[in-house]
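J.:
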Amino acid sequence: MTEEDHNDLKSMMDNVKNKDIPENMKLLWEQQATIMSTASKTQYRWHPRIMKMCIELYSKNPHVLDPIRKVLLLPSNRTIRCYKNKVDQAPGWNDNLLQWCLEEAKKANLRKEDYWGAFVLDEMKIQEDIQMVIKGGKHRLVGFVDPGKVHDDMEVLSGRFYVMYL
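Numbering (this note's numbering), first residue to last: 438 to 603.
#1: Please return the same chain residues whose Cβ sits closer than 8 Å to the Cβ of N461, not counting the five positions on each side in sequence.
#2: Which residues does DSSP list as the beta-bridge partners of V570?
#3: Could you say which of E541, E493 and P504 lies nearest to R518 if we only look at CA atoms?
#4: Which residue wins for smallest C-alpha separation from Q480, given the options L446, D445, P499 and T516?
#5: Please list, in chain order, all residues of the same chain as P499 whose beta carbon is under 7 Å from its beta carbon, the five residues on each side excluded.
#6: Leaving out five residues on either side along the sequence, give the residues of the same chain with a beta carbon under 6 Å from the beta carbon of N452.
#7: Helix, strand or coil for S496 per DSSP?
#8: Does W466 come out as helix, strand or coil in the three-state DSSP assignment?
#9: If you drop the 5 nearest sequence neighbours on each side, which residues of the same chain put their C-beta closer than 8 Å to that of L509?
#10: Compare the beta carbon distance of M488 and P512 with 8 Å and say whether it is the shorter of the two.
#11: For R482, count neighbouring C-beta atoms within 10 Å of its own C-beta (all shown protein chains included) and say buried if the count is 16 or more, exposed if not.
#12: Helix, strand or coil: how does DSSP classify P504 here?
#13: Nearest CA to the CA of R506: which residue from G573, D442 and I571?
#14: Looking at the structure shown, is S448 part of a helix, part of a strand, or coil, going by DSSP?
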């Protein structure tokens with residue numbers, strides 16, 4: 438954003454009365470005012486609801502935020518990735534992820550009997566950049582994902598029960 442645009446946007450935000458802002462937009466408006474008054478990008482502190490919105494949009498397509506950034510100040514893609522990857526991902530059961538789910542359930546004030554749930558995989562994505570690498574005269578495909586122990590367990594279960602998996 439150019440300095441002139443920054444100054445224009447800052448003066449517009451300073452002149453708007455708080456009562457004129459719809460309730461659902463107040464947080465975004467206040468966040469923009471706070472960020473614009475910060476001296477350095479390293480001092481930006483993003484509200485969790487703003488981060489959640491950006492993560493949801495980024496997860497659909499990392500470039501979806503680019504045109505919005507021409508109008509609003511938003512967290513960088515690097516910042517979003519840091520928040521998004523808060524829990525390391527790995528094949529199989531991930532104790533850190535289950536612990537995170539428990540903490541989120543407690544934050545939502547769920548009763549213990551409501552902790553039961555299921556994991557649903559929607560739109561599983563295979564890595565797009567599978568490449569053939571030649572090293573030491575041998576060809577290898579790089580970019581496949583290790584399905585892990587869960588896949589092996591599914592093989593055992595499929596012999597005993599009717600199990601469908603992809």
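Ideal placement from N, C-alpha and C gives every residue a C-beta, glycine not left out.
T.: The answer reads as follows:
#1: For the purposes of this step, residue 461 is taken as residue 24 along the sequence shown, with counting starting at 1. There are no such residues.
#2: Counting from 1 along the sequence shown, the entry for residue 570 is found at position 133. DSSP, once it has assigned bridges, lists R577 as partnering V570.
#3: Along the sequence shown, read from residue 1 onward, the residue named residue 518 stands at position 81. Selected option, being the one with the closest Cα: E493.
#4: The residue given as residue 480 occupies position 43 in the sequence shown. Closest in C-alpha terms to Q480, from the list L446, D445, P499 and T516, comes T516.
#5: Translated into positions along the sequence shown, residue 499 becomes position 62. Within the same chain, and ignoring the five residues on either side of P499 in sequence, the residues whose Cβ sits closer than 7 Å to its Cβ are N514.
#6: In the sequence shown, residue 452 corresponds to position 15, counting from 1. Nothing listed; no residue qualifies.
#7: Here residue 496 corresponds to residue number 59 of the sequence shown, with the count starting at 1. Assignment of S496 by DSSP, reduced to helix, strand and coil, places it in the helix class.
#8: Translated into the one-based positions of the sequence shown, residue 466 becomes position 29. Here W466 sits in helix by DSSP.
#9: Translated into the one-based positions of the sequence shown, residue 509 becomes position 72. Same-chain partners within the cutoff: L465 and Q469.
#10: Walking along the sequence shown from the start, residue 488 turns up at place 51. Walking along the sequence shown from the start, residue 512 turns up at place 75. Taking 8 Å as the Cβ cut-off, M488 and P512 qualify as a contacting pair.
#11: As a working mapping, residue 482 is identified with position 45 in the sequence shown. It is exposed - the Cβ of R482 has fewer than 16 other Cβ atoms within 10 Å.
#12: Along the sequence shown, one-based indexing puts residue 504 at 67. Helix, per DSSP.
#13: Here the question's residue 506 lines up with position 69 in the sequence shown. Per the Cα distances, D442.
#14: Residue 448 sits at position 11 when you count from the first residue of the sequence shown. S448: helix per DSSP, three-state reduction.
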